[in-house]
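A.B. asks:
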Amino acid sequence: MKATRLNFLLPLCLGFIISFTSCKKDDPEPKYSVPKVDLTEVGANNGKTVIAGSDLHLEAQLTAEALIQKVDVEIHQQEGSFEIKKSYTEGKYIGVKSTEFHEHLDIPEDAPGGVYHLHLTVYDKKGQSSTAESELTVRGRGPVVNNLKYGSKDVRDDGIANVGLEGIANSKLYISGEITSVAKVKSVVLRLDQKGDQVGSLVKDIDITDQFDAATGKLNAGVSIPWDMRRHPGTYNMKITVADENALVTEINSEVEVSINPFIENFELGSGHDAGDRINRIAYIGKDVHIQGDIYCLVNRLSSIRIEIVQDVAANPRILTKIYDTETGYFGAIGGTRNDHFHQHIDIPADMPEGKYNFSILVTDRQGLRYERKLNLQLKKP
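Take the sequence shown: its position 273, counted from the start at 1, is 268 in the working numbering, and no numbers get skipped.
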């Protein structure tokens, strides 16, 4: 009986095991939907425009049920062979189901301007992919101006254009800077436009291309201010326009003060006449300090020159003052001309304390117009 029962049960069990195993093998693998790409922004404010030499802002929502394996960005010309490629195979976008893609992709400065196509492709770990596309306009990079300074000759960044009598060579605005450009610089033009209620009533366009050195990229211009601006001093809108041979233009807008006040050029303040001493802004106690400069009063005649050296302390500062005018017997420019090569040596008393001092030179003309230059001065023991 037992043998019979066993013989019956054994085939039954074997059949059940075979049937169960067979069912497991026949179960299909889970299916994953293809990745999704929602390209939300191409360029700043989704403007679909970028300038060569800058970066392209990209935003997209990426979804992949089978987890993200790789993200590719490809940008290529619509007509041409220039292309940009970037792959993301590790980091925050990889191995997740859903993520916000946000990158700033560098666009080479030599990228030709024109229409491009952009493709953003996401791959999942099952080999599936999906691509979103967009049109993109690349604008060629125009000239770039760095370290721009403008103003008077000595204080190049004070924003002052000094003007005077007709034909005076010193009636100038000095401009310096560095210009870089992918294409050759074709022109550099300065525009001065009277500001305020009289905007547009006095506009001057001055070509300063010949004062730009293409070999070094340096702009060093001494721009003669037109005579008729002497009759209209005040604040002017200033625009510097740099254009390259591809007609790409860079404009810099600012303001400049057209001044008829006295001014000083080639100013020196120091401990002596040697090259390094002339401008070291040091004076030795018990000796003299060297002061020199070209003083111009191009509209009116000079009245006085006042030198003041004030100790830089909170209370009871030591003050040294020197005045040059007709009353004190100084007859240079004060005697009737409009300019003076000022060169004086002022004695520093032996009891002056060491330390930091504030130096000022104040020039006043006969109509009360003034110019003041302030500098630091260090007093030391010899």
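All C-beta atoms, glycine included, are put in the ideal place defined by N, C-alpha and C.
Kindly give me the distance between the Cβ atoms of residue 235 and residue 247, rounded to whole angstroms, as I take these residues to be in contact under 8 Å.
C.D. replies: The count along the sequence shown starts at 1 and reaches residue 235 at position 240. The count along the sequence shown starts at 1 and reaches residue 247 at position 252. Contact between residue 235 and residue 247 holds, with the beta-carbon distance rounding to 5 Å and staying under 8 Å.
A.B. asks: Using CA atoms only, rank isn't needed, just tell me which of 75, 116, 217 is closest to residue 144.
C.D. replies: Translated into positions along the sequence shown, residue 144 becomes position 149. If we check each option's Cα against that of residue 144, 217 comes out closest.
A.B. asks: Let me confirm a value: residue 74 is counted as buried when at least 16 other C-beta atoms fall within 10 Å, else exposed. Which label applies?
C.D. replies: Working through the sequence shown from its first residue, we reach residue 74 at position 79. It counts as exposed.
A.B. asks: For residue 211, does the three-state DSSP call read helix, strand or coil?
C.D. replies: For the purposes of this step, residue 211 is taken as the residue at position 216 of the sequence shown. In the structure shown, residue 211 sits in coil (DSSP, three-state: anything other than H, G, I, E or B).
A.B. asks: Just tell me which of 305, 309, 127, 371 has its CA closest to the CA of residue 67.
C.D. replies: In the sequence shown, counting from the first residue as 1, residue 67 sits at position 72. Nearest C-alpha to residue 67: 127.
A.B. asks: Examine the Cβ distances between the stretch 351 to 371 and the stretch 290 to 301 and report whether three or more of them are shorter than 8 Å.
C.D. replies: yes
A.B. asks: Verify whether the separation of the beta carbon atoms of residue 307 and residue 376 is less than 7 Å.
C.D. replies: Counting from one through the sequence shown, the residue named residue 307 turns up at place 312. Counting from one through the sequence shown, the residue named residue 376 turns up at place 381. No.
A.B. asks: Give me the Cα-Cα distance between residue 19 and residue 25, rounded to the nearest whole angstrom.
C.D. replies: Sequence index remark: in the sequence shown, residue 19 carries index 24 (1-based). Sequence index remark: in the sequence shown, residue 25 carries index 30 (1-based). No answer about residue 19 holds up, because its pLDDT of 49 lies below 50 and its placement is not dependable.
A.B. asks: Taking DSSP as the reference, what is the three-state secondary structure of residue 365?
C.D. replies: Translated into the one-based positions of the sequence shown, residue 365 becomes position 370. DSSP places residue 365 in strand when its eight states are reduced to three.
A.B. asks: Which runs of the alpha helix (DSSP H) fall wholly inside the stretch 57 to 125 and span at least 4 residues, in chain order?
C.D. replies: Counting whole runs of 4 or more residues, the stretch 57 to 125 contains no alpha helix (DSSP H) stretch at all.
A.B. asks: Tell me where the beta strand (DSSP E) around residue 198 begins and ends.
C.D. replies: As a first step, residue 198 is located in the sequence shown; it is residue number 203 there, counting from the start. That run of the beta strand (DSSP E) goes 198 to 202.
A.B. asks: Can the beta-carbon of residue 252 be found less than 7 Å from the beta-carbon of residue 155?
C.D. replies: The count along the sequence shown starts at 1 and reaches residue 252 at position 257. The count along the sequence shown starts at 1 and reaches residue 155 at position 160. Yes.
A.B. asks: Per the contact definition of three or more C-beta pairs closer than 8 Å, is the stretch 113 to 121 in contact with the stretch 204 to 217?
C.D. replies: These segments do not touch.
A.B. asks: How is the beta strand (DSSP E) around residue 173 delimited, first residue to last?
C.D. replies: Working through the sequence shown from its first residue, we reach residue 173 at position 178. Run containing residue 173: 167 to 175, per the beta strand (DSSP E) assignment.
A.B. asks: Indicate the three-state DSSP secondary structure (helix, strand or coil) for residue 39 in the structure shown.
C.D. replies: In the sequence shown, residue 39 corresponds to position 44, counting from 1. Residue state, collapsed to three classes: helix.
A.B. asks: Any idea what DSSP makes of residue 233, helix, strand or coil?
C.D. replies: Locating residue 233 in the sequence shown gives position 238, where the first residue counts as 1. Residue 233 falls in the strand class under three-state DSSP.
A.B. asks: For the beta strand (DSSP E) that contains residue 186, what are its first and last residues?
C.D. replies: On the sequence shown, residue 186 is found 191 positions in, with the first residue counted as 1. It spans 180 to 189 - the beta strand (DSSP E) in which residue 186 sits, taken as one unbroken run.
A.B. asks: Would residue 184 and residue 205 be called neighbours here (beta carbons separated by less than 7 Å)?
C.D. replies: The residue given as residue 184 occupies position 189 in the sequence shown. The residue given as residue 205 occupies position 210 in the sequence shown. In this structure, residue 205 does not lie closer than 7 Å to residue 184 by Cβ.
A.B. asks: Output needed for residue 171: all residues of its chain with C-beta closer than 8 Å, excluding positions within five of it in sequence on either side, in chain order.
C.D. replies: If you number the sequence shown from 1, residue 171 lands on position 176. If we look at residue 171 and ignore the five residues flanking it on each side, its Cβ neighbours are 142, 143, 144, 145, 151, 213, 214, 215, 216.
A.B. asks: List the DSSP bridge partners of residue 146.
C.D. replies: Position 151 of the sequence shown, counting from 1, holds the residue named residue 146. BP columns for residue 146 point to 169.
A.B. asks: Nearest to residue 84 by alpha carbon, out of 71, 91, 65?
C.D. replies: Translated into the one-based positions of the sequence shown, residue 84 becomes position 89. Nearest of 71, 91, 65 to residue 84, Cα basis: 65.
A.B. asks: Output yes or no for whether 7 Å exceeds the beta carbon distance between residue 347 and residue 301.
C.D. replies: For the purposes of this step, residue 347 is taken as residue 352 along the sequence shown, with counting starting at 1. For the purposes of this step, residue 301 is taken as residue 306 along the sequence shown, with counting starting at 1. In this structure, residue 301 does not lie closer than 7 Å to residue 347 by Cβ.
A.B. asks: Take the Cβ of residue 335 as the centre, count every other Cβ of all protein chains shown within 10 Å, and call the residue buried at 16 or more, exposed below.
C.D. replies: For the purposes of this step, residue 335 is taken as the residue at position 340 of the sequence shown. Residue 335 comes out buried.
A.B. asks: Based on Cα-Cα distance, which residue from 153, 140, 187 lies nearest to residue 177?
C.D. replies: On the sequence shown, position 182 is the one that residue 177 refers to. Residue 140 is the option with its Cα nearest to residue 177.
A.B. asks: In whole angstroms, what is the alpha-carbon distance linking residue 366 and residue 230?
C.D. replies: One-based indexing of the sequence shown puts residue 366 at position 371. One-based indexing of the sequence shown puts residue 230 at position 235. Cα-Cα distance, rounded: 17 Å.
A.B. asks: Let me know if residue 370 comes out buried or exposed under the rule of 16 or more other beta-carbons within 10 Å of its beta-carbon.
C.D. replies: By 1-based counting over the sequence shown, the position of residue 370 is 375. Classification of residue 370: exposed, given that the 10 Å Cβ count is below 16.
A.B. asks: Please report the straight-line C-alpha distance between residue 268 and residue 337, rounded to a whole angstrom.
C.D. replies: As a first step, residue 268 is located in the sequence shown; it is residue number 273 there, counting from the start. As a first step, residue 337 is located in the sequence shown; it is residue number 342 there, counting from the start. Straight-line Cα distance between these residues: approximately 14 Å.
A.B. asks: Just to confirm the assignment: which complete beta strand (DSSP E) runs, minimum length 3, are found wholly within the stretch 301 to 329?
C.D. replies: 314 to 319
A.B. asks: Could you pull out every residue in the same chain whose Cβ sits closer than 6 Å to the Cβ of residue 249, ignoring the five residues on either side in sequence?
C.D. replies: On the sequence shown, residue 249 is found 254 positions in, with the first residue counted as 1. 233.
A.B. asks: Can you tell me which of the three DSSP states residue 342 falls into?
C.D. replies: To locate residue 342, count along the sequence shown from 1; it is residue 347. Reduced to three states, the DSSP call for residue 342 is strand.
A.B. asks: Excluding the five sequence neighbours on either side, which residues of its own chain have a C-beta within less than 7 Å of the C-beta of residue 207, listed in chain order?
C.D. replies: Here residue 207 is taken as the residue at index 212 of the sequence shown, counted from 1. Excluding positions up to five away in sequence, the list reads 174, 180, 183, 214.
A.B. asks: In chain order, what residues of the same chain lie with their CB nearer than 6 Å to the CB of residue 198, ignoring the 5 residues before and after it?
C.D. replies: Residue numbering aside, residue 198 sits at position 203 when the sequence shown is read from its first letter. A distance below 6 Å between beta-carbons, with the five flanking residues on each side excluded, links residue 198 to the following residues of its chain, in chain order: 188.
A.B. asks: Terminal residues of the continuous beta strand (DSSP E) containing residue 45?
C.D. replies: Reading the sequence shown from its first residue, position 50 is the one you call residue 45. 44 to 46 is the extent of the beta strand (DSSP E) around residue 45.
A.B. asks: Can you tell me whether DSSP reads residue 134 as helix, strand or coil?
C.D. replies: For the purposes of this step, residue 134 is identified with residue 139 of the sequence shown, where counting begins at 1. DSSP places residue 134 in the strand class (E or B) of the three-state scheme.
A.B. asks: How big is the Cα-Cα spacing for residue 51 and residue 38?
C.D. replies: In the sequence shown, counting from the first residue as 1, residue 51 sits at position 56. In the sequence shown, counting from the first residue as 1, residue 38 sits at position 43. Taking the straight line joining both Cα atoms gives about 5 Å.
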